[in-house]
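Heads up: the structure comes next, in structure tokens.
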Amino acid sequence: MMIHQPSTVTIISVPFDRGATRRGASQGPQAIYGAGLKRKLEALSIRYHVEELTAVPELKDRSYPPQLKHLTEVVAINEQLAALIYTQVSAGIFPLVLGGDHSIAIGTLAGLTRHHRQLGVIWMDAHADLNTPATTPSGNIHGMSLAVSLGRGDVRLTSIGGVKSTIRPENVVLVGARSLDQGERDFIRKEGITCFTMQDIDRMGMFRIMEEAIEIASAGTDGVHLSFDTDSIDPKVAPGTGTPVQGGLSYREAHLAMELLSESGILSSAEFVENNPLLDRGQTTSRLLVGLIGSLLGESIL
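Letter by letter, the sequence shown follows residues 809 to 1110 of this note's numbering.
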């Protein structure tokens, strides 16, 4: 077994939660630091430095469309993030983004798309985040982030970073899905996106699922991004998240996924989002995420 470890990591903190209904994910990055992330990286002899995005003030003007809640703030934070991501990957540095709600993936993927010729995406989430303003049941932009990154949705979101999306649906893999809206089901079928639901994981096992995900996301691409939503994990294991769905990944399934991604050597970037310490039991979820990041970056049992 060979572990592939990035030589240099930039940890990018994104204290933002206005893409979601429940507040608290803006405190996610600090909670992960408090649970020992820096000590973990030092124990793995990984060089790192930290960048923190400037918090976007909440606007008192609520004139945004109801199907695009907090649009102005979402655009502002993601423009910041897209520029920083592009700078880091262009310098050959592995960006590790800490959210923040999942709307920040728009900026992450915009910056990556500007750099990579063809990017693959592994999206580990209880949800697909493939809604558009026409299909969203809530108006929360964290439920649209993957659709936006595929070039679907409001132009004020799809134009973030100043580049047109080149991510091909056939290089996108959803893992752990178990709560899909009808518009998202239609999107997945129409675009041919690979979606491994929890039922698939139960039947096939995590090892085979991740083998296939790695093959699909890396086929013909020059980079692969992991977008890891805390709610992909079962809430009994990771209670600190704003949109929990029963029947998620177990502790070991989540770790095995990270270990297999580490062994594959395909990842060029990663983000961990939707950690909400206000909903956690102590530091249960933040400590779990620190452990998962360790596994992703090369920590092994033996």
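For every residue, glycine included, the Cβ atom is placed at its ideal position computed from N, Cα and C.
Check: Counting along the chain, where does the beta strand (DSSP E) carrying Tyr872 start and finish?
Finding: Neither: Tyr872 is in no beta strand (DSSP E) and is coded neither H nor E.
Note to self: So, at 8 Å on beta carbons, what are the nonlocal neighbours of Gln813 in its own chain, with the 5 sequence-adjacent residues on each side left out?
What the structure shows: Excluding positions up to five away in sequence, the list reads Leu852, Ile854, Ser1070, Leu1105, Gly1106.
Check: Is the beta carbon of His924 less than 7 Å from the beta carbon of Gly1056?
Finding: In this structure, Gly1056 does not lie closer than 7 Å to His924 by Cβ.
Next item on the list: Quick one: which unbroken beta strand (DSSP E) runs of 3-plus residues sit fully inside the region 1033-1098? Chain order, please.
Entry: Secondary structure within the region 1033-1098: the beta strand (DSSP E) runs of 3 or more consecutive residues, fully enclosed, are 1075-1081 (chain order).
Next item on the list: Can you tell me which of Glu866, Leu1087, Glu887, Ser1072 puts its alpha carbon nearest to the alpha carbon of Ile968?
Entry: Nearest to Ile968 by alpha-carbon distance, out of Glu866, Leu1087, Glu887, Ser1072, is Glu887.
Checklist line | Enclosing beta strand (DSSP E) for Val858 [first to last residue] | finding: 855-860 is the span of the beta strand (DSSP E), which, as asked, contains Val858.
Check: How big is the Cα-Cα spacing for Gly1000 and Val981?
Finding: So the two alpha carbons sit approximately 10 Å from each other.
Check: Does the region 868-881 come close enough to the region 1043-1052 that 3 or more CB-CB pairs lie under 8 Å?
Finding: In short, these stretches do not touch, since the Cβ pair count stays below three.
Check: With 16 as the cutoff for other CB atoms within 10 Å, does Val882 come out buried or exposed?
Finding: The residue in question, Val882, is buried, as its Cβ has 16 or more Cβ neighbours within 10 Å.
Check: For the 8 Å Cβ check, are there 3 or more pairs between the region 1012-1022 and the region 951-965?
Finding: With a cut-off of 8 Å, the region 951-965 and the region 1012-1022 do not count as touching, because too few Cβ pairs lie within range.
Checklist line | Continuous alpha helix (DSSP H) stretch holding Pro837: start and end | finding: It spans 836-842 - the alpha helix (DSSP H) in which Pro837 sits, taken as one unbroken run.
Margin query: Quick check on this structure: which residue in Gln835, Glu1019, Val817 has the alpha carbon closest to the alpha carbon of Leu849?
Written below: Ranking Gln835, Glu1019, Val817 by Cα distance to Leu849 puts Val817 first.
Item checked: Cα-Cα separation, Arg831 to Asp825 -> Rounded to whole angstroms, Arg831 to Asp825 spans 6 Å at the Cα level.
Check: Near Asp1042, what residues of its chain come up, given a Cβ to Cβ distance below 8 Å and the 5 sequence neighbours on each side ignored?
Finding: Shown here for Asp1042: same chain residues with a beta carbon closer than 8 Å to its own, the five before and five after excluded, namely Gln1054, Gly1055, Gly1056, Leu1057, Ser1058 in chain order.
Note to self: Using only CA atoms, which one of Glu1082, Pro1085, His1033 lies nearest to Pro903?
What the structure shows: From the listed residues Glu1082, Pro1085, His1033, the smallest Cα separation to Pro903 is found for His1033.
Check: What's the call for Gly836, buried or exposed, on a 16-neighbour Cβ count within 10 Å?
Finding: Buried, by the Cβ-count rule.
Item checked: Residues near Met810 in its chain [Cβ-Cβ closer than 6 Å; skip 5 each side] -> Note that Met810 has pLDDT 46, beneath the 50 cutoff, so the model's placement of it is unreliable and the number below is only indicative. For Met810, same chain residues with a beta-carbon under 6 Å away, outside a window of 5 residues either side, do not exist.
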